[in-house]
Structures are given as structure tokens and as C-alpha cells.
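The C-terminal residue of the sequence shown carries number 1476 in this note's numbering, and the numbering is unbroken. This report refers to the structure that appears directly beneath it.
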Amino acid sequence: MKYSYQIIEGTEIQPDELKIARAKSLALAIQQHSYCIEGTLVCRRRTDNSEVILVTLDIEIPQYPANGIQVYEDVAIICSESDNNFPEVYALREDFEQSLPHTNLCAFEHPIALCVTEQSFTEAKLKLTEFEFIGYIRNWFTLTSLDKLHQEDQPLEPFFIPKGYVMLTHLYDPEKYTHLNRIGETNLYELSNEPSGHSSFHLFGFKSDPQTHGFIRRQPKVLSDIGEIIQIDGIAFPVVLRRILNARFKEFLQNQSLIKRKLAFHCCIPVKRHTNDADPCSWEYLFFLTEASILDLGEKSGCLSQIDGLIVPIIIGDFEQEVIDNIPIELYSSILDYNPSTSALFNNIKKNDDAFVLIGAGALGSQVFDHFVRMGFGTWTIIDHDNLYPHNLAKHSLDRKSVGYNKAIKVSEKANELHRMEIASPIDSDFLTIKKDDSVITKLQDAKAIIDMSTSIAVARTLARDYNDTIKTPRISSFLNPDGTDLVVLAEDKRRKFRLDFLELQYYRCLFHDESLHDHLKYDDSLKLRYNRNSCREITNRINKTDVALNASICTKSLKSIIENGEPTISIWRTDKTTFEVRKYSFEPTKWIRKDVGEWTIHFDLWLLDRMNSFRYSKLPNETGGILIGSYDLSRKVIYVCDTLFAPADSKENRSTFERGAEGLLTEYNKYLKVVDNQLCYLGEWHSHPQGFSTEPSTDDFNLYDYLYKRMSRQGSPVLMGILGDDDCNLIFRPCPT
739 MKYSYQIIEG TEIQPDELKI ARAKSLALAI QQHSYCIEGT LVCRRRTDNS
789 EVILVTLDIE IPQYPANGIQ VYEDVAIICS ESDNNFPEVY ALREDFEQSL
839 PHTNLCAFEH PIALCVTEQS FTEAKLKLTE FEFIGYIRNW FTLTSLDKLH
889 QEDQPLEPFF IPKGYVMLTH LYDPEKYTHL NRIGETNLYE LSNEPSGHSS
939 FHLFGFKSDP QTHGFIRRQP KVLSDIGEII QIDGIAFPVV LRRILNARFK
989 EFLQNQSLIK RKLAFHCCIP VKRHTNDADP CSWEYLFFLT EASILDLGEK
1039 SGCLSQIDGL IVPIIIGDFE QEVIDNIPIE LYSSILDYNP STSALFNNIK
1089 KNDDAFVLIG AGALGSQVFD HFVRMGFGTW TIIDHDNLYP HNLAKHSLDR
1139 KSVGYNKAIK VSEKANELHR MEIASPIDSD FLTIKKDDSV ITKLQDAKAI
1189 IDMSTSIAVA RTLARDYNDT IKTPRISSFL NPDGTDLVVL AEDKRRKFRL
1239 DFLELQYYRC LFHDESLHDH LKYDDSLKLR YNRNSCREIT NRINKTDVAL
1289 NASICTKSLK SIIENGEPTI SIWRTDKTTF EVRKYSFEPT KWIRKDVGEW
1339 TIHFDLWLLD RMNSFRYSKL PNETGGILIG SYDLSRKVIY VCDTLFAPAD
1389 SKENRSTFER GAEGLLTEYN KYLKVVDNQL CYLGEWHSHP QGFSTEPSTD
1439 DFNLYDYLYK RMSRQGSPVL MGILGDDDCN LIFRPCPT
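Encoded structure:
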């Protein structure tokens, strides 16, 4: 095996004289490997003490191999003393094809350095065997012979190894920008139309002829090195550049600051995956930075001169090709700037361009919004009238620079600055004061979902009831329990068959019927923190930031799923305070029936009706009953009936009469109120009639209702009586005097 490459030269030694452990193991494996040709093993030690192993491999290839791969391939494997990376692998054949995918850049054209694995050496070395490594090398040749080494779904390889990167915006136009400015002390630059005071270059942009992907064998040092690779209408790039400089000679003379600024060149290259492809499958954006200015090139070419600080032309000259060819260059590649498309890609989700309205940009709302923004999910209208105060910094997504400013405005500014485009627009107002504004109604109508994180029942009820005929957008409400360990999400279905106000009432009822949630709304008053601002009502809860952050992440995932599937939801996520495990409680939303009485509307939960019917059947042939529990809205004249407490043990249940008892009922009712934090209340009584009888009220029923009405109407509270029969529940209701 006779090759004169300098990189493999060294003193020939026997395999048992190898000193580097990995080289020893490789030599031993080669001697035992059935696909390493016997008698071809050669070992050498270089002057830097690295060790070289030469061997001929038997390669499995098809009948008509691609890329010139042969059955027998000579390779060199170089092991370093440090053993801090994979051994270097070289294909030695002098006619081995250049510019193949997955080859490494070198300062020489041959031998060809192979990239035989994409694994990290620090991870692979823990279990990598020498037999496996030989297999990697053979696999490289086999896949290359099949033209399958670079997969169809794999990104195309870059043309060069860049020194750094230039950020491209999502609306990048190569002819739009004239300057390249360095960011900080990094090798990262951004495009601009104005020079900065820090490492600024004047930029010339070009669009080149199409290329097929693959590495260039030598890293370009001067501009002429890229002449064969980058061409414009078949003309080498340095030649095109000279023509442009000479054509714009007078223009440059009129801009003395430009003519002294360092030059950078930008090439936009259409890249094909295969030579015969009709169209490019991607675009490569390359930037070449120089230390030369137009003045430097002009002085070396003899066409420009400085006299007393003034730049003047020399009449007989122009820019010389040799000077341009020898401009030293550094290569920079492009990197996409952060934008909604890339953020969706990096978050492994499908980009969403739908419009959303978020009401409430507090601790939870701001963090959920921040998650959506960083995922490239949606465009947003943020409504909140509150300002950011120092105590908010403990849990809010905003920082100290926003203290004293409106939350909606600042979270929107933060989002828009992050993406360098407008994805959020703020409304600095209390939603309840602008709910009838045409512009607000239009925003709500155009939204994919309305997300309420205001923690205001008044806002939730407004969203649920006040736009039924005009706004079909589904509403979602989310909030934390008082100590921040539980997250609640209530979501309407996309057709709004399960309205938010109904879901809220069912949520309260579910708390009482699941004993593990009886402490859900419990709160320790000692954890309330008063701050002297405007009134005695100004209280903030001492909730841990980690609880808000955890629940904000869960909330974001939940909202995204709800938005995509459109299902109604009543869900609670609870974090265990000791183990930090998260448990999800899900409750099935149920339908309601409606009864109109004058100006009042009564909504009755069908779940409750089924429960009452089951209890009635269990007591037949006797009558039975209980108390009705729910809520009412005096301003809208609405009553919600969602639950009952059944007749206690001391009740008198007979075939034709029922007299509710009182034993333990008040205790159970007060327990109910405590569990739901007084969000539900007593609404009246119900009782059953025997089988085969109507649900029309008897004289005794009217007398009982009059008794209840007189006492409750004095307090301004509505009162109901329900009579349950075989087929229906007759609701008796008389509005309170105004």
C-alpha cells in the first residue's frame, strides 16, 4: 500500500509496538475481522506520537455502485494520544471522488476525510468497540455506493465551514440591507441599513447560479478561491465584483465614509439535492467578510489616492482583477433569526396563525402568554387595565424595567420585540368598561378562542351570557386556587353547547362530590398580604413562583389541546406539596334545561334531574325531597340549579305527604358552602309526587312556597320549589318584588 500523503507518513512499526490503547485495539480487531483484507495491515508512528493504521476493507456494494465506490477501499485510521475524539478516517485512493456528502474539510484535496458517525464521542466512547468502529467505516462506503448516505429528509450539507453567522430575518431581502453589524463580542452579525459603531461592514449582495450540495474541499482564503464555485450567469464571482466596482466608481467617490468602510459580500445560492433536479430545494446564504475597503482596493489597483485626507481618482486606472482575486476573506454562514415559524419548529409543533384574545395578564396569564409566544402559537390581543407593581415581580413574566407600566402593553412589547414583528396588540382597559366597544367586539368575533385569566367571575359571566347572539367564539377560563397548587381550566366546546357559566357551576358541584378536593378553595388568611395602595381591598396572595410556573406550563399545553380539538372541559390539576406529583381531575360536562318565567330564566342541570329521579325511585311508593343548591345572577335575572342535599334521616316520607326533617342538614349545608367558598347557595326546596300523579302543586305546596317566599324575598333572594313526577320536574317561581 504505497501512498505519499504527508498526513499518513511516519515510522513503520509492528502491530505489537503500538502504544496508544485505541490503536492497539483497532489493530487487533482488524487482524480478526473477516472484512479486513488479510496482509494489508500497516502500522506507523508519526512525529507527534499519533499512530496510523492502514488497511484495505472489503466493501459490500451494488452491481452498479454510485459515487465511484469500489469493492476494495484503502483507508487510513489515525489515533491520537489524547483519545478525545473519534479516530480520523481517510479514504486513500487518489481518484476518490471529492465533494461527497459527509466528508470533512481539510487543507488538502487528498486523502478524503470521512465523517463515519454523527454520534458524540463523549457519549459513544462509553460502549464503542473497535469492531463497531470498523463497521461504521464500511457502512459509510456501502451507503455512499447506494447514494443513500445523506437521507432525503436530512438537511443539505453546507458549502464551507463558517467562522460565524449572520442572522436573517423572516422577511429577508438580499437587496434590502446595506450594512452588516457585529453583535457584542461574538462572531454573530445582523443585517441593517445603518452602520453601527462596532465592527460594521458595507454589504454587497449577489444571487449566484444553482449549485449541488456538498463540501468544497478547501477552505477559501482569498476571493479567487470561490471563483469556480460561485458564479453569476456563468461568470466567476471575483470577475463580477470587479465589474461592479468599476461601474459604480463615481458613486463611491461621492460617499467618502462608505469608501473607507470594510467590505462584506453576500451570495444567495440556490441549492439542488441532485444535479439533475429542475428546481432548488433550499437556499444557501453565504457572507464573505474582509478587512479591505474600497479605498484599500483602489490604492492597490492604482485608481484611488488620498491627498490631505481627500480621496481622489487617478484617471488612467481602474480596479485590477489580481487585487480583487487576492482579497483575504472569512466565511460566515446564515442563521435564521427567531420568529414565529422557527419558534414553532424548535418547539416541535405546527405553527398556528389564528387570532386569540387574552383577558388578564397577571402572574398566570403573563406566563401562559409567554409560553405561547415562544412556541410561535397565534397572534394575540391582550386586555388588562392593571399596572405592574414591585410585588408582582415575584411571579410575573415581566422584569423590573416594566414596573409602573400597564401589563398588557408591556407583555405585548416583549412579545413583539422577541419576534421582531407584531404578534400582540394591547388594550389598556378594564374589559367590563369596554365590553360594548365595536372594536373589542370585532376582536372577540375574529378570535379562534377567548381566554379569560382575569380571575373575575363578572368577566366570566359577561363572556358567557352577554354575547350569545353576536359572538360565536368559544370561551375558556383558567385560574389557580387560592394557594396556587391547583390549576383549573373550564372550556366551552367549539359550538358552545356547554357554556362557560354552566361549566363554572358544575365545577363547584364537583368539588363537593370529590372529598379529595374539599380543601381546593381553602385558604389560610395568614398568607394574604395587604399592600397600601388605594383601598382595603388591595390584597395579594403569597403564592410560590414555582407553582405558578408549573401550572402555567400545564395550562399552556391544556389550552393548546382544547383549541385544537374543540372539546368542552372541566379539569383540575393538583400538585402534591410533598412529592410534587401532579394529579389531573377531569369531570364530564352535562347539559341543562331551561325555563323562562317572566323576565327570569331558570337553568336546571340534567345531571341533577337524573340524581333526583334516582333518589325518588329509591323511596317509592313514598314521597321524598331535599333542598336545591345553585346560584343566581340578579342583574341578568338568571337562576342556576345544579345540586341538592337529600332529605335527612328525620324526614317524614309517606305515600301522599312529605315533611322534610332538619337533622344534620344545616351542618352538611354549611360544609357545602365552605367547600365551594360560598359560590353556591340555598335556592329552595323540592319534593316528589307519587307515581301516576301530576306535578301540579297542591294547596299544601302553595302554602309552603308562600312561607319560603315571604322569608327569602325580604332578603332579595329568589326562591324555587320543584315538584318531581314521573316525566318532569315542575318548577314554581315567583320573582321578588323590585
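Note that beta-carbon positions come from the ideal geometry of N, C-alpha and C, so glycine has one too.
Residue pairing of Q1044 in beta bridges, as defined by DSSP: I1049.
Beta-bridge partners assigned by DSSP to K1390: E1397. Residue pairing for G1036: DSSP places it in no beta bridge. Residues H1123 of the same chain have their beta carbon placed closer than 6 Å to that of D1168, with the five preceding and five following residues left out of the count. In the DSSP annotation of this structure, the continuous segment of the beta strand (DSSP E) that includes F1025 starts and ends at S1020 to S1031. For the set L864, I921 and I1065, the Cα lying nearest the Cα of I964 is the one of I1065. Annotated three-state conformation of I1377 is strand, per DSSP. Counting along the chain, D1108 sits inside the alpha helix (DSSP H) bounded by residues A1101 to R1112. The segment 1051-1065 and the segment 1088-1108 do not touch, with fewer than 3 CB-CB distances between them shorter than 8 Å. Shown here, H1256 sits in coil according to DSSP, grouped into three states, outside any helix or strand. Judged by beta-carbon spacing, Y927 lies within the 8 Å limit of Y1070, meaning their Cβ atoms are closer than that value. Per DSSP, the unbroken alpha helix (DSSP H) holding T1405 starts and ends at L1403 to V1413.
A direct Cα-to-Cα measurement between E932 and D1207 gives close to 52 Å. By the Cβ criterion, the segment 758-775 is in contact with the segment 787-799, since at least three pairs of Cβ atoms, one from each stretch, lie closer than 8 Å.
Contact between A814 and L792 holds: CB atoms are separated by about 5 Å, below the 8 Å threshold. T1362 is a Cβ neighbour of A1385, given a cutoff of 8 Å.
Taken atom to atom, the span from the alpha-carbon of F859 to that of N877 is near 18 Å. Contact between the segment 1310-1317 and the segment 1117-1135 is not established, with fewer than three Cβ pairs separated by less than 8 Å. Around the beta carbon of I1147, 16 or more other beta carbons lie within 10 angstroms, which makes this residue buried. The three-state reading of DSSP puts A1196 in helix, counting H, G and I together. For C1006, the enclosing beta strand (DSSP E) covers residues K1000 to K1010. Check the Cα spacing between L1225 and each of D947, I816 and V1320: the tightest is with V1320. Within its own chain, the residues whose Cβ lies closer than 7 Å to the Cβ of I1331, once the five positions on either side in sequence are excluded, are F1342 and L1344, listed in chain order. I799 places its beta carbon less than 8 Å from that of T880. The DSSP-derived three-state label of Q1059 is helix. Assigned with DSSP and collapsed to three states, E1326 falls in coil, not helix or strand. Secondary structure of Q949 (DSSP, three-state): strand. Taken through DSSP and simplified to helix, strand or coil, Q969 comes out as strand. Shown here for I970: same chain residues with a beta carbon closer than 8 Å to its own, the five before and five after excluded, namely F944, K945, S946, D947 and V978 in chain order. In chain order, H1134, S1135 and V1149 place their CB closer than 6 Å to the CB of S1104, counting only its own chain and leaving out the 5 sequence neighbours on each side. Three or more beta-carbon pairs separated by less than 8 Å are not found between the segment 1232-1240 and the segment 1396-1410, which leaves the two stretches without contact. For the segment 1307-1357, the continuous alpha helix (DSSP H) assignments of 4+ residues that do not extend past its boundaries occur at 1344-1357, in sequence order.
When secondary structure is reduced to three states using DSSP, N984 falls in the helix class. Under the criterion of beta carbons closer than 8 Å, G1114 and N1085 qualify as touching, at roughly 7 Å. If you check the CB distance, S1072 and Y903 come in under 8 Å. Nearest C-alpha to T1328 among P1359, L1446, P1456 and C1248: C1248.
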